[in-house]
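Notes to accompany the following structure.
Chains as they are written, first to last, in my numbering: chain B, 1 to 332; chain Y, 333 to 720.
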């Protein structure tokens, strides 16, 4: 048990003292919504909105967040918000940007920058909304897209997506007697966004709130497209206790399964340090119902793959150069 | 008062949108709509309209981004055809539910398969129940006029609905016609700037597209239906205003030589003009024939239909789309159902014509009338001129 839990009163007092300096106290995604207890995604959205501030328009893909936050006639949003359908959050968001830009240029609305931010889950982003995302990023709209990746179609009942990790059990990739869960490795969407020449790409996690909010602020400043892939825990879909939400995000980082980094103008940089000796993946996998069927051999296969991916990332950390750096020698 | 020009109709439709000073165009090219897409982008690239042109990667995204832009309060135009329209199908009922007055120019084309790029109405018919207002144009002049009228109707506070303007692919889109292009000043006088009811802006925070539980969903559907039904009043009002200002008359169902007619053809779209010639020919032969041209498909003009069929004994309805395994073509089943409660109703027969661009001649229409008059028709509908 940590100090805060032992003495909640002093924790709250110190929260009042320090927290406002780190993040605004103003809430743009407010309580009363219907998210599950311990939902990492709802927490991440609240943090994202704090980092974005008032001058934002949110476009939300169909999914848990739209369902839990907008049951008519209520809304949890204190930002202008629109939901249209499942595959088109990036497209709608690009239209919001185009509309605001045209109206501002023509003097039909006040002359100030309002950021279009589109959000979606892993299904709405990596699968059915992938084409719309690719198009919006490629077209260079001044917009941010944040994918909240909880690694399956949680809203429809934990079906597999291309974000589902290898061997995880889902309702459409179940751990059966013959097939032990999802048979392919997770798609790396952040890398695909880097390949789109998006000026700012980052990975984030709700368990590292300051890191996430800093990245959102950085992405907000970019005049052009930016993409954040936010790893979020889902107690319902992962079959984990609600109070492990933050812990699981930290373990994902400490095992090297989901490292937190940013790619600015093509240059990679680690933003949260991972211990020199990474924890074994076993520490992350154990205790999650979706991985409970794994044998030690299967865990070893996952460990080896994580090691390879880690090394691949490290090479990029060491060797990548921003376009600015690459331009410099020629100029001389 | 406008300038008479010779212009390709697809290009003229884009010019009409330019006269409406759209803020955003979001279009994905598809044959035979592509000249609309190209010309809209020309207009923006040349700075003739201060607007954003979104070069989307699909029709689904074309309508989606159009919705995003419209939700910020922008005047938005899009255009599509055939498979593209079907691809927009997921988004279309949401556009009308969110009451976003987007105008869509549709170059009607057959739906695959087999793949076919030529004209019929099998693309718009599956979209009939998506809650959009649907105009059908006979010729290039009507396309231009209807695009401008569409913005005025859709943006009217009593309506607030998206509108599609249907023009037949190739038969209209790729044909150079004499068209009177209204002056900018005249259009400005006719079409006021768009004032959205609600817009996405931090100064007035709204949530759009929220979740409707069973206790609200029915009410949401009824409100859309009421809006559509009531919009016919505004459509007619706008058409009256158009007639006063521009001198060209529009009615939901335009009748041609029906005064003493005993038999009448029913058409929708560009074939109306061919049918007119057939009517003239038959009249010369002494056949008491007339023509009903449907200009407003949704909301369906039930009262106008009932007025138009007075005294008519046989109604030969032409359809340019099939309802497979159904009661006949969509226009036919609509009309037959509309007349069910009318005490003195005509016999209604159905010809499926001009599918996938098959030519329909004046002689064909004359033949249809003669056979319908004799009651010689395969029941309940006939694929006209089909082999086998």
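C-beta: ideal position from N, C-alpha, C; glycine also.
Residue 105 of chain B versus chain Y: which residues are under 7 Å apart at the beta carbon? Counted from its first residue, the first chain places residue 105 of chain B at position 105. Chain Y residues near residue 105 of chain B: 382.
Do you know how far the Cα of residue 482 of chain Y is from the Cα of residue 491 of chain Y? By 1-based counting over the second chain, the position of residue 491 of chain Y is 159. By 1-based counting over the second chain, the position of residue 482 of chain Y is 150. Looking at the two C-alpha atoms, the distance is approximately 11 Å.
Does residue 182 of chain B get closer than 8 Å to chain Y when you measure Cβ to Cβ? Here residue 182 of chain B is taken as the residue at index 182 of the first chain, counted from 1. It does not: the Cβ of residue 182 of chain B has no partner Cβ on chain Y nearer than 8 Å.
Relative to the C-alpha of residue 183 of chain B, which residue among B:57, B:291, B:278 is closest? The sequence position of residue 183 of chain B within the first chain is 183, counting from 1. The shortest CA-to-CA distance from residue 183 of chain B to any of B:57, B:291, B:278 is the one to B:291.
Look up residue 582 of chain Y in the DSSP assignment and say whether it is helix, strand or coil. Along the second chain, read from residue 1 onward, the residue named residue 582 of chain Y stands at position 250. The answer is coil: DSSP assigns residue 582 of chain Y none of H, G, I, E or B.
State the DSSP-derived secondary structure class of residue 568 of chain Y, mapped to helix, strand or coil. As a position in the second chain, residue 568 of chain Y is number 236, starting the count at 1. Reduced to three states, the DSSP call for residue 568 of chain Y is helix.
Could you check what DSSP says for residue 1 of chain B in three-state terms: helix, strand or coil? As a first step, residue 1 of chain B is located in the first chain; it is residue number 1 there, counting from the start. For residue 1 of chain B, the predicted structure reports a pLDDT of 48, less than 50, and the residue's modelled location is therefore unreliable. The matter cannot be settled from this model.
Residue 411 of chain Y versus residue 358 of chain Y - alpha carbon distance: In the second chain, the residue the question calls residue 411 of chain Y occupies position 79. In the second chain, the residue the question calls residue 358 of chain Y occupies position 26. So the alpha carbons of these two residues sit roughly 8 Å apart.
My parser needs the beta strand (DSSP E) runs of 3 or more residues fully inside the stretch 23 to 70 of chain B; what are they? 56 to 60
Residue 171 of chain B burial status per 10 Å Cβ neighbour count (16 or more: buried): Residue 171 of chain B sits at position 171 when you count from the first residue of the first chain. So residue 171 of chain B counts as exposed.
Please report the straight-line C-alpha distance between residue 33 of chain B and residue 70 of chain B, rounded to a whole angstrom. If you number the first chain from 1, residue 33 of chain B lands on position 33. If you number the first chain from 1, residue 70 of chain B lands on position 70. When rounded, the distance between both Cα atoms is 8 Å.
Hey, is residue 467 of chain Y's beta-carbon within less than 8 Å of any beta-carbon in chain B? On the second chain, residue 467 of chain Y is found 135 positions in, with the first residue counted as 1. Cβ-Cβ to chain B under 8 Å: no for residue 467 of chain Y.
With DSSP as the reference, label residue 647 of chain Y as helix, strand or coil. Counting from one through the second chain, the residue named residue 647 of chain Y turns up at place 315. In the structure shown, residue 647 of chain Y falls within a strand segment according to DSSP collapsed to helix, strand and coil.
Write down every uninterrupted run of the beta strand (DSSP E) in the stretch 381 to 468 of chain Y whose length is 3 residues or greater and which is fully enclosed by it, in chain order. Listed in chain order, they are 384 to 386, 408 to 412, 435 to 440, 465 to 468.
What separation, rounded to the nearest whole angstrom, lies between the Cα atoms of residue 722 of chain Y and residue 369 of chain Y? Lying outside 333 to 720, the shown extent of chain Y, residue 722 of chain Y is not represented and no answer is given.
Using a Cβ-Cβ cut-off of 8 Å, state whether residue 54 of chain B counts as contacting chain Y. Position 54 of the first chain, counted from the start, is the residue given in the question as residue 54 of chain B. Answer yes: the Cβ-Cβ gap between residue 54 of chain B and chain Y drops below 8 Å somewhere.
Please list the partners that residue 405 of chain Y has in chain B, where partner means a Cβ-to-Cβ separation under 8 Å. Locating residue 405 of chain Y in the second chain gives position 73, counting from the first residue. Within chain B, the residues near residue 405 of chain Y are 99, 103, 108, 109.
Mind listing, in chain order, the continuous beta strand (DSSP E) runs of no fewer than 3 residues lying wholly within the stretch 113 to 191 of chain B? 115 to 121, 143 to 149
First and last residue of the beta strand (DSSP E) that includes residue 509 of chain Y? In the second chain, the residue the question calls residue 509 of chain Y occupies position 177. 508 to 513 is the extent of the beta strand (DSSP E) around residue 509 of chain Y.
In the stretch 198 to 223 of chain B, which residue ranges form an unbroken alpha helix (DSSP H) of at least 4 residues, counting only runs that do not cross its ends? 209 to 221
Grab me the residues of residue 202 of chain B's own chain with a C-beta within less than 6 Å of its C-beta, minus the 5 sequence neighbours each way, in chain order. Numbered from 1 along the first chain, position 202 holds the residue referred to as residue 202 of chain B. Result list for residue 202 of chain B: 215, 228, 262, in chain order.
Around the Cβ of residue 22 of chain B, are there at least 16 other Cβ atoms within 10 angstroms (buried) or fewer (exposed)? As a position in the first chain, residue 22 of chain B is number 22, starting the count at 1. It is exposed - the Cβ of residue 22 of chain B has fewer than 16 other Cβ atoms within 10 Å.
Output, in chain order, the set of chain Y residues within a Cβ distance shorter than 8 Å of residue 70 of chain B. For this step, residue 70 of chain B is matched to residue 70 along the first chain. Those are 539, 541, 542, 543, listed as they occur along chain Y.
Chain B beta carbons: is any one of them nearer than 8 Å to that of residue 532 of chain Y? Translated into positions along the second chain, residue 532 of chain Y becomes position 200. Output row for residue 532 of chain Y: interface = yes.
Name, in chain order, the residues that DSSP records as bridge partners for residue 338 of chain Y. Taking the first residue of the second chain as 1, we reach residue 338 of chain Y at position 6. Y:510, per the DSSP bridge assignment.
Range covered by the beta strand (DSSP E) that runs through residue 625 of chain Y: Working through the second chain from its first residue, we reach residue 625 of chain Y at position 293. Counting along the chain, the beta strand (DSSP E) containing residue 625 of chain Y begins and ends at 621 to 626.
Can at least three beta-carbon pairs, one atom from the stretch 406 to 422 of chain Y and one from the stretch 390 to 398 of chain Y, be found at a separation below 8 Å? Yes, the stretch 406 to 422 of chain Y is in contact with the stretch 390 to 398 of chain Y.
Span of the beta strand (DSSP E) around residue 357 of chain Y: On the second chain, position 25 is the one that residue 357 of chain Y refers to. In the DSSP assignment, residue 357 of chain Y falls within the beta strand (DSSP E) that extends over 356 to 358.
Looking at the C-beta of residue 388 of chain Y, does it have a partner C-beta in chain B at a distance below 8 Å? Taking the first residue of the second chain as position 1, residue 388 of chain Y is located at position 56. Closer than 8 Å: yes.
What residues from chain B crowd round residue 754 of chain Y, counting only those whose CB sits closer than 7 Å? Not covered by the structure: residue 754 of chain Y. The range shown for chain Y is 333 to 720.
Considering only the alpha carbon of each residue, which of Y:693, Y:402, Y:637 lies closest to residue 673 of chain Y? On the second chain, position 341 is the one that residue 673 of chain Y refers to. In this structure, Y:637 is the residue among Y:693, Y:402, Y:637 with its C-alpha nearest to the C-alpha of residue 673 of chain Y.
Could you check where the alpha helix (DSSP H) with residue 230 of chain B kicks off and where it finishes? Within the first chain, numbered from 1, the residue matching residue 230 of chain B stands at position 230. Looking at the DSSP string, residue 230 of chain B is not in any alpha helix (DSSP H); the run it does join, the beta strand (DSSP E), is 226 to 231.
Paired residues, beta bridge with residue 539 of chain Y - DSSP: Here residue 539 of chain Y refers to the residue found at position 207 of the second chain. In DSSP, residue 539 of chain Y forms a bridge with B:81.
Between residue 88 of chain B and chain Y, is the shortest Cβ-Cβ distance under 8 Å, so that the two count as touching? Walking along the first chain from the start, residue 88 of chain B turns up at place 88. Yes, contact with chain Y.
Quick check on residue 134 of chain B - is its C-beta less than 8 Å from some C-beta in chain Y? By 1-based counting over the first chain, the position of residue 134 of chain B is 134. Taking a beta-carbon distance threshold of 8 Å, residue 134 of chain B counts as an interface residue toward chain Y.
Delimiting residues of the alpha helix (DSSP H) encompassing residue 284 of chain B: If you number the first chain from 1, residue 284 of chain B lands on position 284. 281 to 285 is the span of the alpha helix (DSSP H), which, as asked, contains residue 284 of chain B.
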